[in-house]
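Notes to accompany the following structure.
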Amino acid sequence: DRQLSNRVQAIKPSPTLAVTNKAAELRAAGQDIIGLGAGEPDFDTPDHIKEAAIEAIRSGQTKYTAVDGTPALKSAIIDKFKRDNGLDYEANQILVSSGGKQSFFNLALATLNPGDEVVIPAPYWVSYPDMVKVAEGTPVILETSADTRFKITPEQLENAITEKTRLFVINSPSNPSGMAYSLEELQAIGAVLEKHPDIMIATDDMYEPILWTGRPFANIVNATPSLKDRTFVLNGVSKAYSMTGWRIGYAAGPADMIGSMKKIQSQSTSNPASISQAAAQAALEGSQDCVGEMVSAFRERHDWLVDALNELPGVECLKGDGTFYAFPSFQAVIDARDDVDTDVELAELLLKEAGVALVPGSAFGCPGHMRLSFATGLDTLKNAVSRLATALG
Ligand code: PLP
Numbered sequence: 002d003r004q005l006s007n008r009v010q011a012i013k014p015s016p017t018l019a020v021t022n023k024a025a026e027l028r029a030a031g032q033d034i035i036g037l038g039a040g041e042p043d044f045d046t047p048d049h050i051k052e053a054a055i056e057a058i059r060s061g062q063t064k065y066t067a068v069d070g071t072p073a074l075k076s077a078i079i080d081k082f083k084r085d086n087g088l089d090y091e092a093n094q095i096l097v098s099s100g101g102k103q104s105f106f107n108l109a110l111a112t113l114n115p116g117d118e119v120v121i122p123a124p125y126w127v128s129y130p131d132m133v134k135v136a137e138g139t140p141v142i143l144e145t146s147a148d149t150r151f152k153i154t155p156e157q158l159e160n161a162i163t164e165k166t167r168l169f170v171i172n173s174p175s176n177p178s179g180m181a182y183s184l185e186e187l188q189a190i191g192a193v194l195e196k197h198p199d200i201m202i203a204t205d206d207m208y209e210p211i212l213w214t215g216r217p218f219a220n221i222v223n224a225t226p227s228l229k230d231r232t233f234v235l236n237g238v239s240k241a242y243s244m245t246g247w248r249i250g251y252a253a254g255p256a257d258m259i260g261s262m263k264k265i266q267s268q269s270t271s272n273p274a275s276i277s278q279a280a281a282q283a284a285l286e287g288s289q290d291c292v293g294e295m296v297s298a299f300r301e302r303h304d305w306l307v308d309a310l311n312e313l314p315g316v317e318c319l320k321g322d323g324t325f326y327a328f329p330s331f332q333a334v335i336d337a338r339d340d341v342d343t344d345v346e347l348a349e350l351l352l353k354e355a356g357v358a359l360v361p362g363s364a365f366g367c368p369g370h371m372r373l374s375f376a377t378g379l380d381t382l383k384n385a386v387s388r389l390a391t392a393l394g
């Protein structure tokens with residue numbers, strides 16, 4: 002046997018990508034599969050963004066850029082933080098990367114030593130724990146349930162903190178729960194963190210605009226400004242502008258740490274694609290109408306889907322605050338059936354028998370649930386739910 006690193010043996014491939022691949026395989030084999038597994042908007046990237054990329058190619062912006070992003074894109078990001086979030090950053094506090102995924106990866110590699118603990122609320126984005134493990138840190142998972150709308154309490158955080166806690170991760174609106182923390186909830190969590198000045202914080206704001214609470218978006222720095230000099234704000238264009246394939250994410254934070262993340266990036270991928278950077282700049286600087294249009298479509302589908310899911314026997318689904326995911330409990334279905342014991346087995350059964358691809362909640366550290374992406378047309382959703390209804394009897 003070839004020897005593998007401990008690092009790679011500690012992790013698994015992304016389960017959400019695995020479901021998408023499995024669905025694609027079955028489809029290629031001729032089966033009629035509805036994929037509700039994917040974590041990307043179904044809309045095309047808006048035209049003005051594509052045009053900016055085409056123009057970048059024509060004008061020769063096809064070479065290496067600065068590792069941390071072009072000055073023009075960084076300036077658009079600084080303006081975005083000021084305009085949308087009321088946050089002031091200098092250019093040396095911004096790092097542009099190849100997707101939000103790389104932003105978090107850089108952060109983990111630049112901040113963690115073996116054994117450092119990272120507190121991660123569940124259900125979590127599948128990649129946080131595994132990226133922490135690649136960096137030889139230890140994920141500490143905080144479990145939640147529908148009772149708290151899948152949000153942690155300040156007491157939970159306080160009880161999880163040890164001398165080894167190095168980083169706390171918060172993602173709101175959340176993939177997969179669709180829930181957002183209110184300003185007051187963030188203030189209460191911020192008050193705990195104020196008592197522990199050595200802990201750094203990562204707020205993953207990737208779904209920022211996809212929110213329908215009627216209240217403005219807020220992150221932990223808005224709630225507790227004293228945390229700013231130890232908080233990384235992670236964001237990107239993938240979800241908001243339907244630009245998943247372009248691979249642009251960005252991080253803002255303390256200059257010394259951002260510099261360390263840049264050093265890691267300089268020895269791994271260098272700059273993100275020059276053409277994608279021009280496109281991201283156009284996304285951030287251009288009209289935001291395209292975002293509003295996508296968000297209202299997501300909301301309409303959400304409202305329909307949550308009601309429809311609650312009509313399925315054994316399925317319970319809370320209304321979400323945003324994103325394009327619903328996260329219903331299928332526990333009663335699992336309990337009632339003899340042919341499945343876990344959400345993973347139920348997801349496999351639904352893929353085989355209903356031809357619907359869902360991601361089991363265990364992938365997100367929250368068994369008994371399923372994540373359904375509604376980044377797909379209403380007709381497809383209706384078809385999927387009626388197939389689920391048949392399969393569930
Ligand atoms: N953060 C969250 C919560 C996500 O759901 C995703 C994508 O699934 C990302 C970050 C990373 O996005 P990307 O690397 O595609 O920019």
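All residue numbers for the sequence shown refer to UniProt numbering, where the first residue is 2 and numbers rise by one.
Note that beta-carbon positions come from the ideal geometry of N, C-alpha and C, so glycine has one too.
Please report the residue range of the alpha helix (DSSP H) in which residue i lies.
i, result
"Ala-376", "Note, Ala-376: premise wrong, no alpha helix (DSSP H); not H, not E."
"Ala-279", "275 to 286"
"Leu-88", "Taken as a continuous stretch (DSSP letters only), Leu-88 belongs to no alpha helix (DSSP H), as it is neither H nor E."
"Thr-112", "101 to 112"
"Asn-236", "No alpha helix (DSSP H) contains Asn-236, which is instead part of the beta strand (DSSP E) from 232 to 237."
"Phe-331", "It is not in any alpha helix (DSSP H) - Phe-331 carries neither H nor E in the DSSP assignment."
"Val-193", "184 to 195"
"Glu-118", "No alpha helix (DSSP H) contains Glu-118, which is instead part of the beta strand (DSSP E) from 118 to 122."
Among the options, which has the Cα closest to the Cα of residue i?
i, options, result
"Ala-256", "Gln-32, Glu-91, Met-132, Ala-67", "Glu-91"
"Asp-33", "Thr-245, Ile-335, Asp-336, Thr-381", "Thr-381"
"His-303", "Leu-313, Lys-320, Val-316, Val-292", "Lys-320"
"Gly-323", "Ala-337, Ile-259, Met-295", "Met-295"
"Arg-167", "Asp-205, His-197, Asp-117", "Asp-117"
"Asp-89", "Ser-98, Ala-77, Phe-218", "Ala-77"
"Gln-278", "Asn-172, Ala-11, Met-244", "Met-244"
"His-370", "Ser-98, Gly-31, Gln-332, Gly-61", "Gln-332"
"Ala-53", "Ala-283, Ser-15, Pro-155", "Ala-283"
"Ala-36", "Gly-394, Leu-393, Asn-384", "Before going further, note that residue 36 is Gly rather than Ala in the sequence given. Residue Asn-384 is the option with its Cα nearest to Gly-36."
"Arg-338", "Thr-377, Leu-393, Phe-325, Leu-373", "Leu-393"
"Gly-138", "Arg-8, Ile-55, Asp-199", "Arg-8"
"Ala-147", "Asp-131, Met-180, Lys-165", "Met-180"
"Asp-308", "Gln-289, Val-386, Ala-252", "Val-386"
Does any heavy atom of the ligand PLP sit closer than 7 Å to the C-beta of residue i?
i, result
"Asp-205", "yes"
"Gly-321", "no"
"Asn-107", "no"
"Lys-102", "yes"
"Thr-245", "yes"
"Asn-176", "yes"
"Gly-40", "yes"
"Gly-36", "no"
"Ala-237", "Inspection of the sequence shows that residue 237 is occupied by Gly rather than by Ala. Checking every heavy atom of the ligand PLP against the Cβ of Gly-237, one is found closer than 7 Å."
"Trp-126", "yes"
"Asn-172", "yes"
"Gly-250", "yes"
Please report the residue range of the beta strand (DSSP E) in which residue i lies.
i, result
"Leu-96", "95 to 98"
"Ala-252", "250 to 253"
"Ala-203", "201 to 205"
"Ile-12", "Counting along the chain, Ile-12 falls outside any beta strand (DSSP E), and DSSP gives it neither H nor E."
"Leu-5", "No beta strand (DSSP E) contains Leu-5, which DSSP labels as neither H nor E."
Would you grab the beta carbon distance between residue i and residue j for me? Rounded to a whole angstrom, and I think it's under 8 Å.
i, j, result
"Pro-177", "Phe-365", "5 Å"
"Thr-391", "Pro-368", "Incorrect: roughly 25 Å between the Cβ atoms, too far for contact."
"Ile-259", "Asn-114", "In fact, because the Cβ distance is near 19 Å, the residues do not count as touching under 8 Å."
"Ser-239", "Thr-63", "Wrong, their Cβ atoms sit about 22 Å apart, outside the cutoff."
"Val-334", "Gly-315", "4 Å"
"Arg-218", "Phe-328", "One detail in the question is off: residue 218 reads as Phe in this sequence, not Arg. Actually they are not in contact, since the Cβ atoms of Phe-218 and Phe-328 sit about 20 Å apart, beyond 8 Å."
"Glu-209", "Ala-241", "7 Å"
Tell me whether residue i counts as near the ligand HEM, meaning its Cβ is closer than 7 Å to at least one heavy atom of that ligand.
i, result
"Asn-114", "The ligand HEM is not part of the structure shown, which contains the ligand PLP as its ligands."
Can you find a CB in chain C that lies within less than 8 Å of the CB of residue i?
i, result
"Pro-329", "Looking for chain C here will not work: only one protein chain is present."
Under 8 Å, with one C-beta from each stretch per pair, do the segment 178 to 192 and the segment 159 to 168 reach the 3-pair mark? Judged by Cβ distances under 8 Å, the segment 178 to 192 makes no contact with the segment 159 to 168, as fewer than three pairs qualify.
Can at least three beta-carbon pairs, one atom from the segment 120 to 130 and one from the segment 237 to 254, be found at a separation below 8 Å? Taking a contact to require three or more Cβ pairs closer than 8 Å, the segment 120 to 130 and the segment 237 to 254 do not qualify as touching.
Would the segment 350 to 365 count as touching the segment 286 to 304 if we require 3 or more Cβ pairs under 8 Å? No, they do not touch.
At least 3 beta-carbon pairs within less than 8 Å: the segment 218 to 233 vs the segment 72 to 83: Cβ pair count under 8 Å is below three, so no.
Evaluate contact between the segment 332 to 352 and the segment 94 to 113, counting only Cβ atoms and requiring at least three cross-stretch pairs below 8 Å. Contact fails between the segment 332 to 352 and the segment 94 to 113, because fewer than three Cβ pairs, one in each stretch, are under 8 Å apart.
Report yes or no: do the segment 55 to 69 and the segment 254 to 268 share at least 3 C-beta pairs separated by less than 8 Å? Contact holds: three or more Cβ-Cβ distances are below 8 Å.
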